[in-house]
Amino acid sequence: MSRALNMKTVVLVSLFAVLAGAALVPARRLLAGSTQSLVWSNHMTYDPLDVKVGDTVTFTWSGKLHDVTSTPSPACGGYTSLYEPTEDGDFSVTFNETGTFYYACSVGDHCDEGQKITINVA
């Protein structure tokens, strides 16, 4: 009887350990990998976008000259080119770490007109 009880205890403890381990997997790993698409235009303003590590954001535009740059802050300026100006394009970025990232169009006054976005990665 005690041997059967010990075996049941071992099975229950093992099952609990497996279930507890599964519960420790971060939810973001289970949900990451989605794609967000942005219509990139100087006739729009953009609310901050919240994404998860592993997500991809795609900037898409056509018919007007635009680019995609990273900036050190939400202010316009200090541009680092990520995609050269073209009339039609799409540019994707996949986020591999948490943080706050800033993107803008550096063509003409587009950034000052609102063509910039803050992306928060959790």
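Those letters in the sequence shown? Residues -22 to -1, 1 to 100, per mature numbering (1 follows the signal peptide of the UniProt record, and there is no 0), in order.
In this text, a Cβ means the ideal position worked out from N, Cα and C, and glycines have one as well.
Since this is a predicted model, take the numbers as computed values, not measurements.
Assignment of E62 by DSSP, reduced to helix, strand and coil, places it in the strand class. Under the three-state reduction of DSSP, H88 is assigned to coil, being neither helix nor strand. By the C-beta density criterion, L16 is buried, having at least 16 other C-beta atoms within 10 angstroms.
Taking 8 Å as the cut-off, the Cβ atoms of V46 and C83 count as close. Boundaries for L43: no beta strand (DSSP E) harbours it, and the DSSP string shows neither H nor E there.
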